[in-house]
Amino acid sequence: MTEEKLVRGISRWDLLAITINLIIGAGIFGLPGAVTKAIGGYSLIAFAVCALIVALIVLCFAEVSSRFTATGGMYLYAREAFGAAVGFQVGWLYWIVRVTTFAANCNLLLNYLGFFVPSANEGWLRTLLIGLVVLILTAVNFLGVRQSAILTNIFTVGKIVPLIVFVAVGLFFIQPENFSFSPTPETGSFSSAVLLLIYAYVGFEAAAIPAGETRDPQRSVPFALLTALAIVAVLYILIQIVCIGTLPELADSQRPLADAAGKFMGSFGAAFITV
Numbered sequence: 001m002t003e004e005k006l007v008r009g010i011s012r013w014d015l016l017a018i019t020i021n022l023i024i025g026a027g028i029f030g031l032p033g034a035v036t037k038a039i040g041g042y043s044l045i046a047f048a049v050c051a052l053i054v055a056l057i058v059l060c061f062a063e064v065s066s067r068f069t070a071t072g073g074m075y076l077y078a079r080e081a082f083g084a085a086v087g088f089q090v091g092w093l094y095w096i097v098r099v100t101t102f103a104a105n106c107n108l109l110l111n112y113l114g115f116f117v118p119s120a121n122e123g124w125l126r127t128l129l130i131g132l133v134v135l136i137l138t139a140v141n142f143l144g145v146r147q148s149a150i151l152t153n154i155f156t157v158g159k160i161v162p163l164i165v166f167v168a169v170g171l172f173f174i175q176p177e178n179f180s181f182s183p184t185p186e187t188g189s190f191s192s193a194v195l196l197l198i199y200a201y202v203g204f205e206a207a208a209i210p211a212g213e214t215r216d217p218q219r220s221v222p223f224a225l226l227t228a229l230a231i232v233a234v235l236y237i238l239i240q241i242v243c244i245g246t247l248p249e250l251a252d253s254q255r256p257l258a259d260a261a262g263k264f265m266g267s268f269g270a271a272f273i274t275v
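Dropping the structure here:
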């Protein structure tokens, strides 16, 4: 029997798009308000500090991924370093983490959908829509490597373009008086805010999993990891600047980006970010 080989249909730029898509999840759409409530204007510093902390982890992934060409990511690294038992544990624990994260993402998605359909905020319709989202995204993964990569590129553009527009337009409507750096938060509060923001930066680790389907993975995976983190970190800080500068009630907002967009782009802007 001949061993079935995976098709290396993912290019370096495809993997970069995948990594950006993995990192930019529900976190940035919900956390600007929570972190502002905790530490006010110092949330800008917290975003930067969190990015630096995550960068240390990303550098480790970049170094290790440059040594492998096979699929598996963290499972593969743990298995090769510590044996099959540890690899098994890491694989399953990571799967549980991803399922939990996906559930949180679906929950926030429905919170934003509630902007258009208030009944989606609770009850049977909310449960039905979450199930539908899961089925659609599962079906996408059955289309094949190249088709999935193309769809991921489309999803990434559809996700990042509204955020870029949000920043580009919002920067012209910033009110400097909205920025407050008093009082100085306690160390514990600042640390808790940074810990909370890690949720907005995770996801990059999954970029190493499809290495066996990526062209020149020993170069492509480190490139995608480091470039994606740099792009996302800058974008997040700019988003937080716009949120603070345009939405005085940011600390109490459940849909901070939509509410902020509504301030300077009207109902169309809020709908644009929500979609």
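Taking my numbering, the leading residue of the sequence shown gets 1, the next gets one more, and so forth. We treat Cβ as the ideally placed atom computed from N, Cα and C, and that holds for glycine.
Would you say Tyr201 and Ala233 are within 9 Å of each other, going by their C-beta atoms? yes
Determine the closest residue to Phe204 out of Leu143, Gly9, Phe166, Cys60, with distance taken between C-alpha atoms. Cys60
With which residues is Ile277 paired in a DSSP beta bridge? Outside the displayed span of the chain (1 to 275) sits residue 277, for which this structure offers no information.
- What is the rounded straight-line gap between the Cα of Val165 and the Cα of Gln254? 21 Å
- Message: Tell me the DSSP secondary structure of Lys5 in three-state form.
- Response: coil
**Prompt:** If we count Cβ pairs, one from each stretch, closer than 8 Å, do we get three or more for the stretch 141-158 versus the stretch 13-22?
**Reply:** yes
* **Neighbour-count burial assignment, Thr2, 16 or more Cβ in a 10 Å radius** => Bear in mind that the predicted position of Thr2 carries a pLDDT of just 40, short of 50, making it unreliable; the figure below should be weighed with that in mind. Exposed is the call here.
- Message: Short of 7 Å in beta carbon distance, which residues of its chain neighbour Arg312, apart from the five on each side in sequence? Order them along the chain.
- Response: The requested residue 312 is not part of the displayed model; the chain covers only 1 to 275.
Worksheet item: Of all the options Ala84, Ala208, Phe264, Pro118, which has the alpha carbon lying nearest to the alpha carbon of Ile10?
Response: Ala208
With a threshold of 7 Å on Cβ separation, who are the neighbours of Leu247 within its own chain once the five nearest residues in sequence on each side are excluded?
Ser253, Pro256, Asp259, Ala260, Lys263
Query raised in the report: Since Ala211 contacts Ala70 with CB under 8 Å, what's their CB separation in whole angstroms?
Result: 6 Å
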